[in-house]
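Trainee: The sequence shown begins at 994 in the working numbering and counts up by one.
In this text, a Cβ means the ideal position worked out from N, Cα and C, and glycines have one as well.
Quick one: the structure is below, and I'll ask about it shortly.
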Amino acid sequence: MAKFQRGDLESKSEKELSEKMSDQSDDEGPEEVTFNDSKAVALKSVKDARDSVKRGKELLKEKRRKRQLLFQEQKKSRLLPEALLEEFDTVATKAPPLPDVKGEQQQEKKKKAKKPKKVSKSLQGNCKVMRLKDRSANTSMQKSAMDFIQARLYGPGSQRTTNAELLSLQKKRGLNQGAAVQFANKKWGADQKAKAEKCNKRFIHRQKLIAS
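Structure, rendered in structure tokens:
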């Protein structure tokens, strides 16, 4: 008997719970939204978006206007004052003074009179002036030219020879053998000796000039 009563109690409690859940589900159901309400909400969101864009444009215009005003004020502060500009105009309109030509000519004459005159010395006779460097350069060039000619005409491999060597060879290898020309012909030897003495004197004189 006790078991039967306990089963009835459990079935009653389950029924009550199910009824409560059904009531709560009916109360929490979605509300109905009409087409006009949704249209009004959409129009309001579009209007809000347009208003925000418009406010952004107005703020941008205001920033540009303030920046332009600031730029104009800075430009005005950099400009020179009007009084100073008028002074510049008056100075520019004045004609520049003419140069004093006579005064400059007189000063140039005074400067020329103050300069000392150079004393020129006249050389008597037919005299020529030459630097020692130029003379030594000329002699060295002449010597190098003579050495070049001598090497080309009488150098190794050439078939030419001097008159003295030719006569000496004839005396040495010919039928009538005898002494060399410089020993046999006293006149030829004297000429060569005089030339050698002249060369020695010239060399000594040149060395003295270089040393001095």
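(1) In whole angstroms, what separates the C-alpha of residue 1167 from that of residue 1195?
(2) Between the C-alpha atoms of residue 1048 and residue 1028, what's the straight-line distance to the nearest angstrom?
(3) Taking the C-alpha atoms as reference points, what is the distance between residue 1161 and residue 1152?
(4) Do you know how far the Cα of residue 1147 is from the Cα of residue 1155?
(5) Among residues of its own chain, excluding the 5 on either side of residue 1120, which ones have a beta-carbon nearer than 6 angstroms to its beta-carbon?
(6) Note down the Cα distance separating residue 1063 from residue 1031, rounded to an integer number of angstroms.
(7) Starting from residue 1039, follow the alpha helix (DSSP H) in both directions and report where the run begins and ends.
(8) Specify the secondary structure class of residue 1200 as computed by DSSP and reduced to three states.
(9) Would you report the Cα separation of residue 1080 and residue 1053, rounded to the nearest angstrom?
(10) Short of 8 angstroms in beta carbon distance, which residues of its chain neighbour residue 1190, apart from the five on each side in sequence? Order them along the chain.
(11) Give the DSSP-derived three-state secondary structure of residue 1100 in the structure shown.
(12) Would DSSP call residue 1152 helix, strand or coil?
(13) At the level of alpha carbons, what is the spacing between residue 1056 and residue 1083?
(14) Helix, strand or coil: how does DSSP classify residue 1184 here?
Mentor: So, to answer that:
(1) 39 angstroms
(2) 30 angstroms
(3) Going from the Cα of residue 1161 to the Cα of residue 1152 covers about 16 angstroms.
(4) 8 angstroms
(5) none
(6) Between residue 1063 and residue 1031, the alpha-carbon positions lie close to 48 angstroms from each other.
(7) Here the alpha helix (DSSP H) through residue 1039 covers 1028-1071.
(8) Per DSSP, reduced to three states, the secondary structure at residue 1200 is helical.
(9) Each residue's CA atom was taken as its position, placing residue 1080 and residue 1053 some 44 angstroms apart.
(10) For residue 1190, where only same-chain residues beyond five positions count, there are no Cβ hits under 8 angstroms.
(11) helix
(12) coil
(13) 43 angstroms
(14) Taken through DSSP and simplified to helix, strand or coil, residue 1184 comes out as helix.
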